[in-house]
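Let me begin by presenting the structure, written as structure tokens, before commenting on it.
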Amino acid sequence: MGKVLVFAEQTNGKLKRSSIELLQAAAKSGNTVVAVTFGSHAGDVTAAIGHNGASEVHVVKDAALDSYNPESYTANVVAIVNKVQPSIILASASSTGKDLFPRVAARLNTGVASDCTQLTISGDNVTAVKPMYSGKAFATVNFENSPIKIVLMRANQLPVEAADTSKTASVVENPNAATDLKTLIKEIVKGASEKLDLTEANIIVSGGRGLKEAANFKMLNDLADVLGATVGATRAVVDAGWVGHGMQVGQTGKTVAPTLYIAVGISGAIQHLAGMGSSKVIVAINNDANAPIFQKATYGIVGDAFDIVPKLTEEFKKALHH
Amino acid sequence: MKIFVCIKQVPDTETKIKISPDQTGIDTAGIKWVMNPYDEYAVEEANKLRDANPGSQVWVLSAGPKARVVESLRTALAMGADEAIVINGEGLDNFSTAKALAEVIKAEGGMKIIFTGKLAIDDNASSVSQMMAEFLNVPHTTVVSKFAFNGENVTVERDVEGGAKEVVQMMTPAVVGANKGLNMPRYASLPGIMKAKKKVIKEIEFSSLNIPATDIKVKYSGMTLPADKPAVKMLSGDSSAQAAELVKLLRDEAKVL
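Top to bottom, those sequences are chains A and U. Using the working numbering, the first residue of the first sequence is number -9, and each one after it goes up by one. Using the working numbering, the first residue of the second sequence is number 11, and each one after it goes up by one.
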């Protein structure tokens, strides 16, 4: 057995669900789990990291690491990897994970498997499965010539059990290892939405051209609010300027894998299916019974979205709040 | 100023994927290949930067089987790139591709800004630009939807989670991974296509780059097609009945509520 290093991400001092998935998967493998987390909020999540399976957590509590910078994060991850000597690194395929770990891998002269949806850890060995060609195939990723195997997992792919509050992790403080940065983060422009990002959302309500105009997204927002869902959109709707590009699901937007995807007024162009096809349960609501989205859907409703969506919102309200 | 663009050729989204008999890849017979969609934004931004800086040149590079990938290089030339280099090699992974691109860019000299797409839609990995930046020992930013160059530094806007954006400044040389929204890629013009046909594409053998075999870090196996989905369950009745039925199914059958 060896060590698994988990890159733990947090938002304002709260450990992300995707990181909890990784900590628990690492703990289940029987390996020693070591976590790493950065920034002035690092201390806020060490308890939760321990409850979810890590026995040791490395922190760099420098406020200079509050926002992601590829250079400073690479330097710090590599410094901690050299200290901990893990055989496996797990991180989520979040915007930070996807940007950071290829650079870390290059510096450590090792391999990285990105955007994986299945993970099997057996001792020092890892097998990961990832969708290829927009989910039209699945490949097993095998590491070669890789002293450390780095796997980046999509969110919502691994089970999460209740945290065990009797378990704790020892905290190791590290100095900021970064020097002489050529990259400067000048400004962070807050997102329009306080909701979970599409790539992390467990439930997504998505709208297409069938909604007819931008104002009708309100209907989807109302449904999403009841479900605790994030709202997505198709390319056509984004290109029409109804919603921002950050909401686009599909080939040139985001790849999502929620438990539940509700597609409203979406016909199901192949580029859209590419982005949401690996959702666990898909509900399609469309007035055209021949829309290709129905071939991907688990449940289908042929009808008028303007009639059905408000009724669904009411039904969910009843079902979820009683 | 030399502006480099690294592009990848990928199967068109609409193309049907079949698995190769050894399950390590796909059956390439009958595949329609195109330039990776995000790379079009990279080529366009490089062209715009060149046009705004007289005397500059756009060099487009691609690594892969020569006979095939020159097609995408010609597309980039037709869009307005000045020169093209093909790194001829088979079975390269993200690590060795990044190494090869970095080696060739270093050898070519004069790098200032290197554009790539933020990811390739075949493996969705988003790794070559960052690895290449590391091998070149230069800064990088990916998922870029706004780009500005003041002659010395670049300032970019990076799309992150929840619709947030980061404004990032980098010293040059730097690697920039293009996202949708950066620009509107131009179509190749007919004169552009004619000119591109006549261009000599510089050829470099991957095997001549002294990249060790141990720089192949990941290999694929057991590639399979997704399992058939059970047929859709269509709900009936009026809208109220459908809504009630759906909520019941999601709760009791699919168990996702």
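Built from N, CA and C at the ideal position, the CB exists for glycine as well. All of these numbers come straight from a predicted model, not from anything done at the bench.
Between Y230(U) and chain A, the shortest Cβ-Cβ separation is below 8 angstroms. Proximity of the region 139 to 148 of chain U to the region 205 to 212 of chain U falls short of the contact definition, fewer than three beta-carbon pairs being nearer than 8 angstroms. Put simply, the backbone Cα of T36(A) is about 12 angstroms away from that of K6(A). Look at T220(A) here: in three-state DSSP terms it is strand. Counting other Cβ atoms within 10 Å of its Cβ, P248(A) reaches 16 or more and is therefore classed as buried. Identification of chain U residues near S136(A) by a Cβ-Cβ cut-off of 7 angstroms yields K227, ordered along the chain. The region 277 to 305 of chain A contains, as complete alpha helix (DSSP H) runs of 4+ residues, the segments 283 to 286 (chain order). In the structure shown, the three-state DSSP call for Q179(U) is strand. Within its own chain, the residues whose Cβ lies closer than 8 angstroms to the Cβ of P60(A), once the five positions on either side in sequence are excluded, are D89, L90, R93 and T173, listed in chain order. By the 16-neighbour rule on beta-carbons within 10 angstroms, E100(U) is exposed.
Chain-ordered, the chain U residues with CB closer than 7 angstroms to the CB of F133(A) read K227 and V228. Counting every other CB atom within 10 Å of its CB across the protein chains shown gives L83(U) a total of 16 or more, marking it as buried. Taken through DSSP and simplified to helix, strand or coil, Y251(A) comes out as strand.
When only Cα atoms are considered, K51(A) and A32(A) end up about 6 angstroms apart. Between F207(A) and L213(A), the alpha-carbon positions lie close to 10 angstroms from each other.
One Cα belongs to M122(A), the other to A83(A), and the distance between them is close to 15 angstroms.
Look at N98(U) here: in three-state DSSP terms it is strand. Out of A241(U), M194(U), D225(U) and G172(U), the CA that lies nearest to the CA of L98(A) is found in D225(U).
In the three-state reduction of the DSSP assignment, M11(U) falls in the coil class. In this structure, the CA atom of Y251(A) is about 29 angstroms from the CA atom of I39(A). When the Cα atoms are used, T126(U) and I298(A) turn out to be separated by approximately 44 angstroms. Excluding five sequence positions before and after G191(U), the CB atoms of its chain that fall closer than 6 angstroms to its own CB belong to S155, given in chain order.
With respect to the 8 angstroms criterion, V161(A) and V71(A) are not classified as neighbours on the basis of their beta carbons. When secondary structure is reduced to three states using DSSP, S9(A) falls in the helix class. Boundaries of the beta strand (DSSP E) around M121(U): M121 to G127.
Look at H262(A) here: in three-state DSSP terms it is helix. D132(U) places its beta carbon less than 8 angstroms from that of V20(U).
Residue environment: E203(A) is assigned as exposed (fewer than 16 neighbouring CB atoms within 10 Å of its CB, all protein chains considered). If you compare the alpha carbons of G29(A), A96(A), G87(A) and S85(A) with that of K109(U), the shortest gap goes to A96(A).
Distance from the CA of M45(U) to the CA of I36(U), rounded to the nearest whole angstrom, comes to 18 angstroms. Within the region 167 to 198 of chain A, contact with chain U at the beta-carbon level (separation under 9 angstroms) is assigned to L171, K172, T173, L174, I175, K176, E177, I178, V179, K180, G181, A182, S183, E184, K185, L186, D187, L188, T189, E190, N192 and I193. Proximity of the region 65 to 79 of chain U to the region 174 to 183 of chain U falls short of the contact definition, fewer than three beta-carbon pairs being nearer than 8 angstroms.
In the three-state scheme derived from DSSP, where H, G and I count as helix and E and B as strand, I79(A) is classed as strand. Every unbroken stretch of the alpha helix (DSSP H) spanning 4 or more residues and falling wholly within the region 79 to 142 of chain A is given here in chain order: 85 to 98.
Only exposed fits N220(U), as fewer than 16 other CB atoms lie within 10 angstroms of its CB. In the three-state reduction of the DSSP assignment, Q140(U) falls in the helix class.
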